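**Q**
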Amino acid sequence: MTGRHIYSVGEINRYIRNMFAGDGILSAIFIRGEVSNCKYHSSGHIYFSLKDAKGAMSCVMFAGDRRGLPFRMKDGDKVVVGGRVDVYERDGRYQLYAKEIRLEGEGILYERFMKMKNELGELGMFDVSYKKPIPKYAMNIGVVTAPTGAAIRDIQNISHRRNPYVQVILYPALVQGEGAKDSIVEGIRVLDSLGLDCIIVGRGGGSLEDLWAFNEREVAEAIFACETPVISAVGHETDVTIADYVADLRAPTPSAAAELAVFDLGEFRKKLDRYADSLERLTSGRIRQDLRRAEWYEARLKASSPGARLNNEKFRQAQLTDRFDRAIRVKLQAASGRAERYPELLQRAMDEKIRGAKARRDDLGERLERGAKGALARDEKRADLYLARLDSLNPVKQLTRGFSFVTEEDGHALTRVAQAKPGDRIRIYVTDGVIRSEVTGTERVNSEKQGPEEGAPAKNTENTHGE
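All the letters of the sequence shown, read from the start, carry residue numbers 3 to 469 under the numbering used here.
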């Protein structure tokens, strides 16, 4: 096996699946067979097998596709299943993924139905743009259906109940069996030529074979070509035909078609009554509004007339004159009262000013006296403190304790050895006088170990002699 590529199981399964996916037949296929091992799973999926005399195939229909299944499938059913054949990679087995399931007799018809639906859909016959609106107040309605079926009785009963004035015109047609499609087509054409408001085409429920006439191409083309709006009402709500797709409106049943086509006269009358009431209210309101506006314009016209304006001006002038007279009298009375009270007010004001000045003077005197006494006491305390500090700094007091201080002959104080040299004359001050001396020598003392503090009088360590 040297030099050959070795594949994994998963790679082969994926390869086979891609082959199935690319096959046009397997991707959309119908298979006929007998149902076996049918199981409805709790998830909604259906698992089953299709078999015949020569083989079997696993199948599954997922829950999302079950909505189109019109019966409950069981083992032994002969069915036609539409879907795609694909490979389940994990297990490496292929199966049929079902999209549609029909009993065998219906399966063939269903294939024809889907083929017809696709063909007409591609031609655009189902396009919404071709749909004609159903008249809201139809009075003449045509019906293409069997004359003895339940469909026409339901349509007539509902029409009479909703609106007895609506005319229902029946075209008795065959709706099943040989010649049904031609009969339906002729009925549509005849009723379309009468200029009716709309046409109902339909019948009661039945099997797919019973309803097949409404899946014929000729019927679809007649409905599409009809100038009158067409309502399709074939079978029950779950039944869908080609006529439903082509018609302008689909009704789930013939009864529902009558409900859609015939307007309810009772509701129409109630609506008219509501419109009449609303119109009356609006009209009455508008009349009242116009009357009020007319009265307002009349009042404005009267108020704008020359006579009315002159009277208004005279009345206004009289009011102003009265107001002026009252104001003058009030001003004069107020001025007279103030003139009489001025001497008394002036005397009271002067007395008040004098009393205030005396009170301020007395207050200021007391405050000045208290301030002076306080300042004098503070100054006395400050003077005592300065005297005590000066006394403590008196050098004479220092001399009485055995200290002396030395100056040069010119009076400069000697505080360091470097200031004196042998031969200099100095003065030594003691308590009771001055000793005059001459420096015979000096000696420096180590200040870090001993000696006087800086600024203290220096002691003479050499022999001196006085004069």
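Glycine is no exception: its CB is placed at the ideal position from the N, C-alpha and C atoms.
All values reported here derive from a predicted model rather than from experimental measurement.
1) Does DSSP classify V447 as helix, strand or coil?
2) Taking the CB atoms as reference points, tell me whether A253 and L262 lie closer together than 7 Å.
3) Of the residues G435, D434, T433 and V408, which one's Cα is nearest the Cα of A422?
4) Taking contact to mean 3 or more Cβ pairs, one atom from each stretch, closer than 8 Å, check whether the segment 223-237 and the segment 178-198 are in contact.
5) Check whether the segment 95-108 and the segment 62-70 touch, using three or more Cβ-Cβ pairs below 8 Å as the test.
6) How big is the Cα-Cα spacing for F22 and V89?
7) In terms of residues, what are the limits of the alpha helix (DSSP H) holding A23?
8) Could you round the C-beta distance between G206 and G237 to whole angstroms and report it? I think they count as a contact, below 8 Å.
9) If you measure from the beta carbon of L172 to each beta carbon in chain C, is any gap under 7 Å?
10) In chain order, what residues of the same chain lie with their CB nearer than 7 Å to the CB of D246, ignoring the 5 residues before and after it?
11) May I ask you to list the residues that DSSP assigns as paired with C228?
12) Mapping the DSSP letters down to three states, classify V62 as helix, strand or coil.
13) Can you name the residues that DSSP bridges to T409?
14) So who's on the other strand from L98, going by DSSP bridges?
15) Going along the chain, which residues of its own chain have a beta-carbon closer than 6 Å to the beta-carbon of R34, five neighbours each way excluded?
16) When the distance is taken between beta carbons, is E36 closer than 7 Å to K53?
17) Rounded to whole angstroms, what is the Cα-Cα separation between I1 and L392?
18) Apart from the five residues just before and just after R219, which ones in its own chain have a Cβ nearer than 7 Å to its Cβ?
19) Short of 7 Å in beta carbon distance, which residues of its chain neighbour I190, apart from the five on each side in sequence? Order them along the chain.
20) Might you give, ordered along the chain, the residues of its own chain that have their beta carbon closer than 7 Å to the beta carbon of E239, omitting 5 neighbours on each side?
21) Taking a contact to mean a Cβ-Cβ separation below 7 Å, would you say I186 touches G144 in this structure?
22) When we look at the beta-carbon of M75 and count the other beta-carbons within 10 Å, is it buried (16 or more) or exposed?
**A** Straight from the coordinates:
1) Coil, per DSSP.
2) At a Cβ-Cβ threshold of 7 Å, A253 and L262 count as neighbours.
3) Distances from the CA of A422 to each of G435, D434, T433 and V408 were compared; the closest alpha carbon is that of V408.
4) Contact between the segment 223-237 and the segment 178-198 is present, because at least three Cβ pairs lie under 8 Å.
5) Three or more beta-carbon pairs drawn from the segment 95-108 and the segment 62-70 are found closer than 8 Å, and the two stretches are therefore classed as touching.
6) Between the alpha carbons of F22 and V89 lies a gap of roughly 7 Å.
7) Judged by DSSP secondary structure, A23 falls within the alpha helix (DSSP H) whose first and last residues are V11 to A23.
8) The beta carbons of G206 and G237 sit about 7 Å from each other, so the pair counts as a contact at 8 Å.
9) The structure shown contains no chain C; it holds only a single protein chain.
10) The beta carbon of D246 sits closer than 7 Å to the beta carbons of S234, V236 and R252 from its chain, once the five residues preceding and following it are set aside; these are given in chain order.
11) Beta-bridge pairing links C228 to no other residue.
12) V62 carries a strand assignment under DSSP once its states are collapsed to helix, strand and coil.
13) DSSP, once it has assigned bridges, lists A415 and R429 as partnering T409.
14) According to the DSSP secondary-structure assignment, L98 is paired through a beta bridge with C61 and V87.
15) Correct list, in chain order: V82.
16) For the 7 Å CB-CB criterion, K53 and E36 form a contact.
17) Absent from the model: residue 1. The displayed extent of the chain is 3 to 469, so no value can be given.
18) Taken in chain order, the residues that qualify are M118.
19) For I190, where only same-chain residues beyond five positions count, the Cβ hits under 7 Å are V146, I201, V203, A224, I225 and C228.
20) If the five residues before and after E239 are omitted, its C-beta is found closer than 7 Å to the C-beta atoms of P254 and T255, all from its own chain and listed in chain order.
21) No, the pair does not count as a contact, with Cβ atoms beyond the cut-off.
22) Burial call: buried.
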